[in-house]
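Input: a single structure, listed below in C-alpha coordinates.
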Amino acid sequence: MESPSSVPDGHRAYHVTDTDQSGHIVIVSTLLMSWMVLCFFIRIYIRSDINGPFGLDDLVAGIGSKLGIVHVGVLLKAVSQGVGKSKEHLRPTDVNTAEQTLYISDILFILAYSCAKAAVGLLLYRLGRDTLYKRGCAAIALFIGLWGIAATLAMSIKCDISKPWILSDRCLHIELRWQLITTFDVLSELMMFGMLVYLIWGLQMAMSRKVVIVGAFACRLPVVGFSIFRLTTIHGVVDLRNPTISMVPYVIWTEILLHYSIMAATIPCLKPFFIAFNTGWGQGSHKRSSRYPPYNSGSNSKTGPNFPNKFGKIIGTSQADFRNDASGTRTLSHTLNRGEAPSIESHESQQMIIRETRGWTVEHESFEMSNYENTHPA
1 MESPSSVPDG
11 HRAYHVTDTD
21 QSGHIVIVST
31 LLMSWMVLCF
41 FIRIYIRSDI
51 NGPFGLDDLV
61 AGIGSKLGIV
71 HVGVLLKAVS
81 QGVGKSKEHL
91 RPTDVNTAEQ
101 TLYISDILFI
111 LAYSCAKAAV
121 GLLLYRLGRD
131 TLYKRGCAAI
141 ALFIGLWGIA
151 ATLAMSIKCD
161 ISKPWILSDR
171 CLHIELRWQL
181 ITTFDVLSEL
191 MMFGMLVYLI
201 WGLQMAMSRK
211 VVIVGAFACR
221 LPVVGFSIFR
231 LTTIHGVVDL
241 RNPTISMVPY
251 VIWTEILLHY
261 SIMAATIPCL
271 KPFFIAFNTG
281 WGQGSHKRSS
291 RYPPYNSGSN
301 SKTGPNFPNK
311 FGKIIGTSQA
321 DFRNDASGTR
331 TLSHTLNRGE
341 APSIESHESQ
351 QMIIRETRGW
361 TVEHESFEMS
371 NYENTHPA
(Lines of atoms letter the chains of each structure in order from A and count residues from 1; the text may use other names and numbers.)
(Lines give C-alpha, C1' and ligand atoms only; values in the text may rest on other atoms or scores of the structure.)
Protein backbone atom coordinates (compact mmCIF):
# COMPACT_ATOMS: atom_id res chain seq x y z
CA MET A 1 0.00 0.00 0.00
CA GLU A 2 1.08 3.49 -0.70
CA SER A 3 1.85 5.66 2.26
CA PRO A 4 -0.50 8.61 2.76
CA SER A 5 0.66 11.62 0.85
CA SER A 6 2.04 14.45 2.90
CA VAL A 7 1.09 18.05 2.48
CA PRO A 8 3.18 19.45 -0.38
CA ASP A 9 5.71 22.05 0.47
CA GLY A 10 4.98 25.54 -0.73
CA HIS A 11 4.57 29.12 0.29
CA ARG A 12 2.46 29.69 3.38
CA ALA A 13 1.62 33.06 4.82
CA TYR A 14 1.99 31.77 8.38
CA HIS A 15 3.77 28.74 9.82
CA VAL A 16 2.34 27.90 13.24
CA THR A 17 5.04 26.54 15.55
CA ASP A 18 5.80 26.57 19.25
CA THR A 19 7.65 29.84 18.79
CA ASP A 20 5.34 31.44 16.22
CA GLN A 21 1.56 31.39 16.77
CA SER A 22 0.73 34.61 14.97
CA GLY A 23 -1.23 32.65 12.35
CA HIS A 24 -3.85 31.75 14.96
CA ILE A 25 -4.43 35.42 15.72
CA VAL A 26 -4.74 36.36 12.05
CA ILE A 27 -7.19 33.57 11.21
CA VAL A 28 -9.47 34.11 14.21
CA SER A 29 -9.55 37.90 13.98
CA THR A 30 -10.18 38.15 10.23
CA LEU A 31 -12.77 35.35 10.18
CA LEU A 32 -14.80 36.78 13.06
CA MET A 33 -14.53 40.29 11.64
CA SER A 34 -15.97 39.05 8.34
CA TRP A 35 -18.96 37.51 10.12
CA MET A 36 -19.43 40.66 12.16
CA VAL A 37 -19.48 42.85 9.05
CA LEU A 38 -21.98 40.51 7.38
CA CYS A 39 -24.30 40.73 10.40
CA PHE A 40 -24.13 44.51 10.34
CA PHE A 41 -25.03 44.63 6.64
CA ILE A 42 -28.01 42.40 7.40
CA ARG A 43 -29.02 44.85 10.13
CA ILE A 44 -28.86 47.74 7.65
CA TYR A 45 -31.01 45.80 5.18
CA ILE A 46 -33.58 44.99 7.87
CA ARG A 47 -33.90 48.60 8.99
CA SER A 48 -33.99 50.07 5.49
CA ASP A 49 -36.27 47.60 3.68
CA ILE A 50 -38.12 45.40 6.17
CA ASN A 51 -38.59 46.70 9.69
CA GLY A 52 -37.48 50.30 10.05
CA PRO A 53 -36.88 53.00 10.87
CA PHE A 54 -33.28 53.39 11.94
CA GLY A 55 -32.78 54.21 15.59
CA LEU A 56 -30.07 55.30 17.97
CA ASP A 57 -29.28 51.65 18.69
CA ASP A 58 -28.44 51.11 15.01
CA LEU A 59 -26.16 54.15 15.00
CA VAL A 60 -24.27 52.94 18.07
CA ALA A 61 -24.02 49.42 16.63
CA GLY A 62 -22.59 50.94 13.45
CA ILE A 63 -19.98 52.88 15.41
CA GLY A 64 -19.05 49.73 17.30
CA SER A 65 -18.70 47.78 14.05
CA LYS A 66 -16.42 50.41 12.54
CA LEU A 67 -14.29 50.52 15.69
CA GLY A 68 -14.11 46.73 15.58
CA ILE A 69 -12.79 46.83 12.02
CA VAL A 70 -10.17 49.42 12.96
CA HIS A 71 -9.26 47.32 16.00
CA VAL A 72 -8.55 44.29 13.79
CA GLY A 73 -6.46 46.43 11.44
CA VAL A 74 -4.32 47.67 14.33
CA LEU A 75 -4.06 44.13 15.74
CA LEU A 76 -2.79 42.79 12.42
CA LYS A 77 -0.21 45.57 12.45
CA ALA A 78 0.88 44.40 15.90
CA VAL A 79 1.14 40.83 14.59
CA SER A 80 3.43 41.99 11.79
CA GLN A 81 5.58 43.69 14.42
CA GLY A 82 6.00 40.58 16.55
CA VAL A 83 2.85 39.78 18.57
CA GLY A 84 2.40 36.01 18.51
CA LYS A 85 6.11 35.28 18.09
CA SER A 86 8.63 34.26 20.69
CA LYS A 87 10.72 37.05 22.16
CA GLU A 88 13.93 35.27 21.21
CA HIS A 89 13.20 35.87 17.52
CA LEU A 90 12.58 39.59 17.97
CA ARG A 91 14.75 42.59 18.57
CA PRO A 92 14.10 44.69 21.69
CA THR A 93 12.88 47.53 19.53
CA ASP A 94 10.40 45.18 17.83
CA VAL A 95 8.98 44.10 21.19
CA ASN A 96 8.53 47.71 22.25
CA THR A 97 6.79 48.61 18.97
CA ALA A 98 4.52 45.56 19.12
CA GLU A 99 3.47 46.34 22.70
CA GLN A 100 2.72 49.93 21.72
CA THR A 101 0.50 48.85 18.81
CA LEU A 102 -1.25 46.23 20.95
CA TYR A 103 -1.90 48.92 23.55
CA ILE A 104 -3.83 50.93 20.93
CA SER A 105 -5.67 47.79 19.89
CA ASP A 106 -6.80 47.15 23.48
CA ILE A 107 -8.25 50.66 23.78
CA LEU A 108 -10.14 50.23 20.52
CA PHE A 109 -11.45 46.91 21.82
CA ILE A 110 -12.93 48.54 24.91
CA LEU A 111 -14.56 51.31 22.87
CA ALA A 112 -16.05 48.90 20.32
CA TYR A 113 -17.19 46.48 23.01
CA SER A 114 -18.85 49.30 24.95
CA CYS A 115 -20.75 50.36 21.81
CA ALA A 116 -21.99 46.80 21.29
CA LYS A 117 -23.30 46.67 24.84
CA ALA A 118 -24.86 50.12 24.59
CA ALA A 119 -26.63 49.16 21.33
CA VAL A 120 -28.44 46.33 23.12
CA GLY A 121 -29.42 48.62 25.97
CA LEU A 122 -30.79 51.21 23.53
CA LEU A 123 -32.70 48.50 21.65
CA LEU A 124 -34.35 47.43 24.90
CA TYR A 125 -35.21 51.07 25.60
CA ARG A 126 -36.79 51.30 22.16
CA LEU A 127 -39.06 48.31 22.76
CA GLY A 128 -40.95 49.43 25.85
CA ARG A 129 -43.42 52.12 26.84
CA ASP A 130 -43.66 51.61 30.58
CA THR A 131 -42.11 54.57 32.41
CA LEU A 132 -40.37 52.45 35.03
CA TYR A 133 -39.00 50.13 32.36
CA LYS A 134 -37.66 52.98 30.22
CA ARG A 135 -36.01 54.56 33.24
CA GLY A 136 -34.36 51.24 34.02
CA CYS A 137 -33.06 50.92 30.46
CA ALA A 138 -31.78 54.50 30.53
CA ALA A 139 -29.99 53.78 33.80
CA ILE A 140 -28.39 50.67 32.31
CA ALA A 141 -27.27 52.60 29.22
CA LEU A 142 -25.73 55.25 31.49
CA PHE A 143 -24.05 52.53 33.55
CA ILE A 144 -22.56 51.01 30.39
CA GLY A 145 -21.30 54.41 29.27
CA LEU A 146 -19.60 55.05 32.61
CA TRP A 147 -18.19 51.52 32.58
CA GLY A 148 -16.71 52.10 29.14
CA ILE A 149 -15.09 55.36 30.21
CA ALA A 150 -13.68 53.83 33.40
CA ALA A 151 -12.36 50.77 31.57
CA THR A 152 -10.71 52.93 28.93
CA LEU A 153 -9.00 55.06 31.56
CA ALA A 154 -7.93 52.00 33.56
CA MET A 155 -6.24 50.50 30.52
CA SER A 156 -4.85 53.78 29.20
CA ILE A 157 -3.20 54.94 32.40
CA LYS A 158 -0.94 52.14 33.55
CA CYS A 159 2.49 52.29 35.12
CA ASP A 160 4.67 54.77 33.32
CA ILE A 161 2.48 57.64 32.09
CA SER A 162 5.01 58.56 29.42
CA LYS A 163 5.02 54.97 28.05
CA PRO A 164 1.83 53.29 29.30
CA TRP A 165 2.13 50.36 26.90
CA ILE A 166 5.26 48.99 28.62
CA LEU A 167 4.70 46.47 31.42
CA SER A 168 7.51 46.30 33.95
CA ASP A 169 8.15 44.95 37.42
CA ARG A 170 6.85 48.23 38.82
CA CYS A 171 3.50 47.76 37.05
CA LEU A 172 1.13 46.26 39.59
CA HIS A 173 -2.57 45.45 39.79
CA ILE A 174 -3.08 44.84 36.05
CA GLU A 175 -4.94 41.62 36.76
CA LEU A 176 -6.97 43.33 39.47
CA ARG A 177 -8.03 46.03 37.02
CA TRP A 178 -9.27 43.46 34.52
CA GLN A 179 -11.06 41.57 37.28
CA LEU A 180 -12.99 44.70 38.23
CA ILE A 181 -13.72 45.53 34.59
CA THR A 182 -14.98 42.00 33.93
CA THR A 183 -17.12 41.97 37.07
CA PHE A 184 -19.04 45.08 36.07
CA ASP A 185 -19.16 43.84 32.48
CA VAL A 186 -20.94 40.64 33.56
CA LEU A 187 -23.19 42.63 35.89
CA SER A 188 -24.34 44.91 33.06
CA GLU A 189 -25.14 41.91 30.84
CA LEU A 190 -27.27 40.32 33.55
CA MET A 191 -29.03 43.64 34.17
CA MET A 192 -29.99 43.93 30.49
CA PHE A 193 -31.31 40.38 30.43
CA GLY A 194 -33.28 41.08 33.60
CA MET A 195 -34.90 44.13 32.00
CA LEU A 196 -35.96 42.01 29.04
CA VAL A 197 -37.58 39.43 31.32
CA TYR A 198 -39.36 42.25 33.15
CA LEU A 199 -40.69 43.59 29.84
CA ILE A 200 -41.86 40.21 28.51
CA TRP A 201 -43.36 39.06 31.81
CA GLY A 202 -46.04 41.76 31.73
CA LEU A 203 -47.11 41.23 28.11
CA GLN A 204 -50.25 39.29 27.25
CA MET A 205 -49.00 36.87 24.62
CA ALA A 206 -48.55 33.14 24.18
CA MET A 207 -45.80 31.58 26.25
CA SER A 208 -44.20 30.17 23.09
CA ARG A 209 -43.76 33.69 21.70
CA LYS A 210 -42.29 34.88 24.98
CA VAL A 211 -39.77 32.05 24.84
CA VAL A 212 -38.78 33.01 21.28
CA ILE A 213 -38.22 36.65 22.25
CA VAL A 214 -36.26 35.78 25.37
CA GLY A 215 -34.24 33.26 23.37
CA ALA A 216 -33.28 35.90 20.81
CA PHE A 217 -31.82 38.11 23.53
CA ALA A 218 -30.43 35.12 25.44
CA CYS A 219 -28.04 34.60 22.52
CA ARG A 220 -26.05 37.36 24.16
CA LEU A 221 -25.49 35.42 27.38
CA PRO A 222 -22.45 33.55 25.97
CA VAL A 223 -20.73 36.93 26.17
CA VAL A 224 -20.60 36.38 29.93
CA GLY A 225 -18.73 33.11 29.49
CA PHE A 226 -16.37 34.56 26.90
CA SER A 227 -15.56 37.48 29.19
CA ILE A 228 -14.74 35.12 32.05
CA PHE A 229 -12.61 32.86 29.84
CA ARG A 230 -10.74 35.92 28.61
CA LEU A 231 -10.04 36.93 32.21
CA THR A 232 -8.41 33.56 32.90
CA THR A 233 -5.83 34.26 30.17
CA ILE A 234 -4.86 37.72 31.41
CA HIS A 235 -1.75 36.33 33.10
CA GLY A 236 -0.17 36.01 29.65
CA VAL A 237 -0.14 39.78 29.29
CA VAL A 238 1.83 40.30 32.50
CA ASP A 239 4.29 37.48 31.78
CA LEU A 240 7.48 39.52 31.49
CA ARG A 241 9.59 36.56 30.38
CA ASN A 242 8.01 36.16 26.93
CA PRO A 243 4.91 38.37 26.68
CA THR A 244 4.63 38.51 22.87
CA ILE A 245 3.79 34.80 22.61
CA SER A 246 2.28 34.13 26.04
CA MET A 247 -0.47 36.68 25.31
CA VAL A 248 -1.81 34.75 22.27
CA PRO A 249 -4.70 33.07 24.18
CA TYR A 250 -5.63 36.45 25.65
CA VAL A 251 -5.69 38.07 22.20
CA ILE A 252 -7.79 35.24 20.71
CA TRP A 253 -10.40 35.40 23.48
CA THR A 254 -10.48 39.17 23.07
CA GLU A 255 -11.41 38.74 19.41
CA ILE A 256 -14.08 36.15 20.21
CA LEU A 257 -15.60 38.37 22.89
CA LEU A 258 -15.62 41.53 20.78
CA HIS A 259 -17.00 40.21 17.51
CA TYR A 260 -19.57 37.90 19.05
CA SER A 261 -20.79 40.78 21.20
CA ILE A 262 -21.31 42.98 18.13
CA MET A 263 -23.03 40.15 16.25
CA ALA A 264 -25.25 39.36 19.24
CA ALA A 265 -26.49 42.95 19.18
CA THR A 266 -28.06 42.19 15.77
CA ILE A 267 -29.53 38.74 16.52
CA PRO A 268 -32.79 40.11 18.06
CA CYS A 269 -33.42 41.95 14.76
CA LEU A 270 -33.04 38.91 12.49
CA LYS A 271 -36.59 37.49 12.55
CA PRO A 272 -37.98 39.91 9.90
CA PHE A 273 -34.96 39.08 7.73
CA PHE A 274 -35.73 35.34 7.74
CA ILE A 275 -39.45 35.98 7.24
CA ALA A 276 -38.68 38.09 4.15
CA PHE A 277 -36.73 35.20 2.62
CA ASN A 278 -39.29 32.52 3.55
CA THR A 279 -40.58 31.14 0.23
CA GLY A 280 -42.85 28.53 1.77
CA TRP A 281 -40.73 25.70 0.29
CA GLY A 282 -41.86 22.31 1.54
CA GLN A 283 -45.36 23.47 2.49
CA GLY A 284 -48.58 22.35 0.87
CA SER A 285 -49.34 25.71 -0.66
CA HIS A 286 -47.53 28.90 -1.43
CA LYS A 287 -48.98 32.27 -0.61
CA ARG A 288 -47.67 35.50 -1.96
CA SER A 289 -46.81 38.05 0.63
CA SER A 290 -46.65 41.79 0.52
CA ARG A 291 -44.70 44.04 2.75
CA TYR A 292 -47.63 46.24 3.74
CA PRO A 293 -51.16 44.81 4.07
CA PRO A 294 -54.36 46.48 2.90
CA TYR A 295 -56.97 47.74 5.28
CA ASN A 296 -60.74 47.55 5.26
CA SER A 297 -62.64 49.61 2.69
CA GLY A 298 -66.01 49.61 1.03
CA SER A 299 -68.13 51.45 -1.54
CA ASN A 300 -70.71 52.99 0.77
CA SER A 301 -69.27 52.30 4.16
CA LYS A 302 -65.76 51.46 5.24
CA THR A 303 -64.06 50.54 8.40
CA GLY A 304 -61.11 52.31 9.94
CA PRO A 305 -57.64 51.58 8.63
CA ASN A 306 -55.14 49.35 10.35
CA PHE A 307 -52.50 51.76 11.57
CA PRO A 308 -49.02 50.58 12.50
CA ASN A 309 -48.27 50.01 16.13
CA LYS A 310 -45.19 51.33 17.92
CA PHE A 311 -42.93 48.77 16.25
CA GLY A 312 -44.04 49.74 12.74
CA LYS A 313 -46.10 46.58 12.19
CA ILE A 314 -49.60 46.52 10.75
CA ILE A 315 -52.34 45.10 12.94
CA GLY A 316 -54.99 43.10 11.06
CA THR A 317 -57.20 39.99 11.13
CA SER A 318 -57.36 36.87 8.96
CA GLN A 319 -59.74 36.56 6.00
CA ALA A 320 -61.01 38.69 3.12
CA ASP A 321 -64.60 38.50 1.88
CA PHE A 322 -67.43 40.57 0.48
CA ARG A 323 -70.60 40.71 2.53
CA ASN A 324 -73.93 42.56 2.34
CA ASP A 325 -75.11 44.12 5.58
CA ALA A 326 -78.69 44.90 6.69
CA SER A 327 -78.68 48.39 5.24
CA GLY A 328 -77.76 47.11 1.81
CA THR A 329 -74.27 48.56 1.89
CA ARG A 330 -71.41 46.44 0.64
CA THR A 331 -68.27 46.19 2.74
CA LEU A 332 -64.96 44.54 2.04
CA SER A 333 -63.63 43.03 5.23
CA HIS A 334 -59.96 42.19 4.79
CA THR A 335 -57.65 41.01 7.50
CA LEU A 336 -54.37 39.18 7.62
CA ASN A 337 -52.56 36.44 9.35
CA ARG A 338 -49.12 37.37 10.59
CA GLY A 339 -46.56 37.14 7.85
CA GLU A 340 -49.01 37.05 4.90
CA ALA A 341 -50.60 39.76 2.81
CA PRO A 342 -52.55 39.28 -0.43
CA SER A 343 -51.53 41.39 -3.39
CA ILE A 344 -53.68 43.70 -5.45
CA GLU A 345 -53.58 41.38 -8.44
CA SER A 346 -55.08 38.44 -6.51
CA HIS A 347 -58.15 40.36 -5.28
CA GLU A 348 -60.56 42.13 -7.64
CA SER A 349 -61.63 44.58 -5.04
CA GLN A 350 -61.50 48.25 -4.27
CA GLN A 351 -58.84 48.62 -1.61
CA MET A 352 -56.19 50.95 -0.30
CA ILE A 353 -52.58 50.05 0.30
CA ILE A 354 -50.36 51.48 3.01
CA ARG A 355 -46.83 51.85 1.78
CA GLU A 356 -43.98 52.83 4.00
CA THR A 357 -41.49 55.31 2.64
CA ARG A 358 -40.21 58.06 4.86
CA GLY A 359 -43.77 58.89 5.79
CA TRP A 360 -47.12 57.23 5.26
CA THR A 361 -48.81 57.60 1.87
CA VAL A 362 -52.17 56.16 0.80
CA GLU A 363 -52.87 55.06 -2.78
CA HIS A 364 -56.39 54.33 -4.05
CA GLU A 365 -56.87 51.59 -6.65
CA SER A 366 -60.24 51.65 -8.47
CA PHE A 367 -61.83 49.37 -11.07
CA GLU A 368 -65.01 49.15 -13.13
CA MET A 369 -68.03 48.19 -11.01
CA SER A 370 -70.72 48.40 -13.69
CA ASN A 371 -71.26 44.64 -13.95
CA TYR A 372 -71.58 44.27 -10.21
CA GLU A 373 -74.07 47.19 -9.94
CA ASN A 374 -76.27 45.67 -12.69
CA THR A 375 -76.48 42.29 -10.96
CA HIS A 376 -76.68 43.66 -7.40
CA PRO A 377 -78.79 46.83 -7.42
CA ALA A 378 -78.75 48.85 -4.23
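Using UniProt numbering, read the sequence shown as starting at 1 and increasing by one per residue.
For glycine and all other residues, C-beta sits at the position ideal for the given N, C-alpha and C.
Residues near residue i in its chain [Cβ-Cβ closer than 6 Å; skip 5 each side]
{"i": "Lys77", "result": "Thr101"}
{"i": "Val251", "result": "Ile25"}
{"i": "Leu32", "result": "Glu255 and His259"}
Identity of the residue in the options nearest residue i by Cα
{"i": "Leu258", "options": "Met205, Gly64 and Thr233", "result": "Gly64"}
{"i": "Ile104", "options": "Leu123, Leu59 and Ser156", "result": "Ser156"}
{"i": "Ile44", "options": "Asp106, Asp57 and Met33", "result": "Asp57"}
{"i": "Pro243", "options": "Glu99, Ser80, Trp147 and Leu122", "result": "Glu99"}
{"i": "residue 379", "options": "Phe41, Val74, Ser48 and Leu176", "result": "The requested residue 379 does not occur in the structure, where the chain is confined to residues 1 to 378."}
{"i": "Ile256", "options": "Gly23, Lys66, Met36 and Leu90", "result": "Met36"}
{"i": "Thr152", "options": "Arg177, Gly121 and Leu190", "result": "Arg177"}
{"i": "Gly55", "options": "Asp49, His235, Leu122 and Leu108", "result": "Leu122"}
{"i": "Gly23", "options": "Val79, Ser34 and Ser48", "result": "Val79"}
{"i": "Leu38", "options": "Pro222, Ile50, Val60 and Lys66", "result": "Lys66"}
{"i": "residue 392", "options": "Leu59, Leu75, Val60 and Thr131", "result": "No information on residue 392 is available, as it lies outside the stretch 1 to 378 that the chain covers here."}
{"i": "Val60", "options": "Leu146, Leu90, Val120 and Met191", "result": "Val120"}
Cutoff 8 Å; reference residue i; Cβ partners in own chain excluding five residues on either side
{"i": "Met195", "result": "Leu124, Tyr133, Gly136, Cys137 and Ile140"}
{"i": "Val186", "result": "Val224, Ser227 and Ile228"}
{"i": "Thr17", "result": "none"}
{"i": "Ala206", "result": "none"}
{"i": "Ser48", "result": "Phe54"}
{"i": "Gly202", "result": "Asp130"}
{"i": "Thr182", "result": "Ser227, Ile228, Arg230 and Leu231"}
Cβ-Cβ separation, residue j to residue i (assumed contact under 8 Å), whole Å
{"i": "Val95", "j": "Gly82", "result": "6 Å"}
{"i": "Phe184", "j": "Phe217", "result": "Actually they do not touch by this definition, with Cβ atoms about 20 Å apart."}
{"i": "Arg209", "j": "Ala264", "result": "At roughly 21 Å, the Cβ-Cβ gap does not stay under 8 Å, so Arg209 and Ala264 are not in contact."}
{"i": "Ile69", "j": "Ser114", "result": "Not confirmed; about 16 Å, so no contact."}
{"i": "Gln21", "j": "Val237", "result": "Gln21 to Val237, Cβ: 15 Å. No contact."}
{"i": "Thr93", "j": "Ile245", "result": "At roughly 17 Å, the Cβ-Cβ gap does not stay under 8 Å, so Thr93 and Ile245 are not in contact."}
{"i": "Ile262", "j": "Ala116", "result": "4 Å"}
{"i": "Ile234", "j": "Glu189", "result": "About 19 Å; that fails the 8 Å criterion."}
{"i": "Gln179", "j": "Leu231", "result": "7 Å"}
{"i": "Val197", "j": "Val212", "result": "Contact doesn't hold; Cβ gap of about 14 Å is too wide."}
Secondary structure of residue i, DSSP reduced to three states
{"i": "Asp18", "result": "coil"}
{"i": "Arg338", "result": "Bear in mind that the predicted position of Arg338 carries a pLDDT of just 40, short of 50, making it unreliable; the figure below should be weighed with that in mind. Looking at Arg338 - three-state DSSP - the assignment turns out to be coil, as it is neither helix nor strand."}
Other residues of its chain near residue i: CB distance less than 7 Å, five sequence neighbours each side excluded
{"i": "Leu127", "result": "Leu199"}
{"i": "Ile267", "result": "Ala216 and Cys219"}
{"i": "Asp106", "result": "Met155"}
{"i": "Ile110", "result": "Gly148, Ala151, Thr152 and Met155"}
{"i": "Trp253", "result": "Phe226, Phe229, Arg230 and Thr233"}
Proximity test, residue i beta-carbon vs the ligand GTP heavy atom, cut-off 7 Å
{"i": "Ala118", "result": "The ligand GTP is not among the ligands present in this structure, which contains no ligands whatsoever."}
Ranges of the beta strand (DSSP E) found wholly within the stretch 43-80, counting only runs of at least 3:
Unbroken beta strand (DSSP E) stretches of 3 residues or longer found wholly inside the stretch 43-80: none.
At 3 residues or longer, and completely inside the stretch 111-165: list those beta strand (DSSP E) runs for me, N to C.
You should have found no qualifying run.
Of all the beta strand (DSSP E) runs that stay within the bounds of the stretch 211-249, which reach a length of 3 or more residues?
Counting only runs of 3+ residues, no beta strand (DSSP E) is found wholly inside the stretch 211-249.
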